[in-house]
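Colleague:
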Amino acid sequence: MYAVSGRVPRRPSLATLPSVSASLPSFPARPLDAHKGNVGDVLVVGGSRGMSGAAFLAAKGALRTGAGKVTVACPASVNAVLEVKTTCVMTRPLPESAAGTLARSAEGPLRALLPGRDALAVGPGLSRDPETEALVRALLGELPAESPPVVLDADGLNAFEGKADELQALAGRAVLTPHPGEFRRLAGCSQQDLLAHREEVLRAFVARVGVVTVLKGHRSLVAGPDAIHVNETGNPGMATAGSGDVLTGVVAALLAAGLPPYEAAVLGVHLHGLAGDAAARRTGWAPLIATDLLEGLVEVIRGVETREPLLAEARP
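Residue numbering for the sequence shown follows my numbering, beginning at 988 and increasing consecutively.
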């Protein structure tokens, strides 16, 4: 079960919410005097021409996991699309390349958006445009010590193909969330090695770069420098475009709430899988799409907040 460090008004519980292990990190309780400025401010750096949906899903995933404010920094030509999609999210249009992706010249405006943020999510829908990849490496390679923790996913990860050692700059303050293809590109390993020795290859990579890494898939693995966790939630219906973008937002919200990277990753993949299980009860596996996970998060986190045994249990 989850531990919650504070009481919230009791409402009817969800009989279908699965019980979970007491060894999981605690879900951050929202204080009675909460306001949007003290429950997590997330900046999503994402989107490109034709891929605004990824940034949208990450932003909504963060909101549904409790972030008080979410802003999407996106290419200027994508801004109008995101304004329509994301009623509850702010947007910041930035300089773009000829291909409709974030331009290398967006680094200065991006850095100006960092102060006051509690977490940064980089990658959803960014594209593999060389100019954008150079921007990502420049931004994350020289983050000041006071910068917020980072979730790096999708094309944010692809920017470091062949340059994974540069990720050492994020040691202790980031979570990487690659699927197997992205991981192989980062780690430089073969598909055969990853299939045969998944845990060992992941441990070696984390020892090399020093960054908490989620290797997504059936029974996703979460590895830190001195620990590894096997996730046991989720289902085959979550094999759908955009599912990983929702996870990016979930983990970003937990980082923004103050959880350390390893705890945010472990709890994030668990909640994400539970949301998929809740969604599959409504849709089945094959019809499930990424936006269904957002509704699943509502069900799961509402259950966390309302079940009396969860409120009474102490943090392990």
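Cβ coordinates follow ideal geometry from the N, Cα and C atoms, glycine included. None of the values given here were measured: they were computed from a predicted structure.
Give the range of the beta strand (DSSP E) segment to which residue 958 is assigned.
Modeller: Residue 958 is absent from the structure shown; the chain starts at 988 and stops at 1303.
Colleague: Runs of 3 residues minimum, wholly inside the region 1113 to 1158: which ones carry the beta strand (DSSP E) assignment?
Modeller: With a minimum length of 3 residues, the continuous beta strand (DSSP E) runs that stay inside the region 1113 to 1158 are 1137 to 1139.
Colleague: Just to confirm, are residue 939 and residue 1137 a CB contact at a threshold of 8 Å?
Modeller: In the structure displayed, the chain extends from 988 to 1303; residue 939 sits before or after that span and is not available.
Colleague: Check for me: the alpha helix (DSSP H) holding residue 1026 runs from which residue to which?
Modeller: Careful: residue 1026 lies outside any alpha helix (DSSP H) and carries neither H nor E.
Colleague: Hey, out of 1169, 1195, 1170, whose CA is closest to residue 1158's CA?
Modeller: With distances taken between Cα atoms, residue 1158 lies closest to 1195.
Colleague: What does a CB cutoff of less than 7 Å around residue 1265 pick up in its chain, not counting 5 residues either side in sequence?
Modeller: If we look at residue 1265 and ignore the five residues flanking it on each side, its Cβ neighbours are 1283, 1286, 1287.
Colleague: So, using beta-carbon positions, are residue 1119 and residue 1089 closer together than 8 Å?
Modeller: Yes, the Cβ-Cβ distance between residue 1119 and residue 1089 is below 8 Å.
Colleague: Report yes if the CB atom of residue 1278 is closer than 8 Å to the CB atom of residue 1231, and no otherwise.
Modeller: No, they are not a contact pair.
Colleague: Per DSSP, residue 1076 forms a beta bridge with which residues?
Modeller: DSSP, once it has assigned bridges, lists no residue as partnering residue 1076.
Colleague: Report the residue from 1114, 1289, 1031 whose alpha carbon sits nearest the alpha carbon of residue 1037.
Modeller: That would be 1114, whose Cα lies nearest to the Cα of residue 1037.
Colleague: Taking residue 1274 as the reference, give the member of 1246, 1224, 1233, 1234 with the closest Cα.
Modeller: Residue 1224 is the option with its Cα nearest to residue 1274.
Colleague: Based on the DSSP secondary-structure assignment, which residues constitute the bridge partners of residue 1061?
Modeller: DSSP output for residue 1061 lists 1080 as bridge partner(s).
Colleague: Given a threshold of 16 other Cβ atoms within 10 Å of its Cβ, counted over all protein chains shown, does residue 1255 qualify as buried or as exposed?
Modeller: Residue 1255 comes out buried.
Colleague: Should residue 1025 go down as buried or exposed, given a rule of 16 or more other Cβ atoms within 10 Å for buried?
Modeller: It is exposed - the Cβ of residue 1025 has fewer than 16 other Cβ atoms within 10 Å.
Colleague: Quick check on this structure: which residue in 1153, 1188, 1056, 1261 has the alpha carbon closest to the alpha carbon of residue 1170?
Modeller: Comparing Cα positions, the closest option is 1188.
Colleague: Kindly confirm or deny that the region 1042 to 1053 and the region 1237 to 1254 touch, where touching means at least three C-beta pairs closer than 8 Å.
Modeller: Result yes; three or more Cβ-Cβ pairs closer than 8 Å.
Colleague: Taking just the CA atoms, how far does residue 1052 sit from residue 1023?
Modeller: Cα to Cα, the separation comes out at about 13 Å.
Colleague: Contact defined as beta carbons within less than 8 Å: I believe residue 1104 pairs with residue 1030. What is the distance between those atoms, to the nearest angstrom?
Modeller: Correct: roughly 5 Å between the Cβ atoms.
Colleague: Considering only heavy atoms of the ligand MN, does any lie closer than 7 Å to the CB of residue 1177?
Modeller: The ligand MN is absent from the structure shown, which contains no ligand whatsoever.
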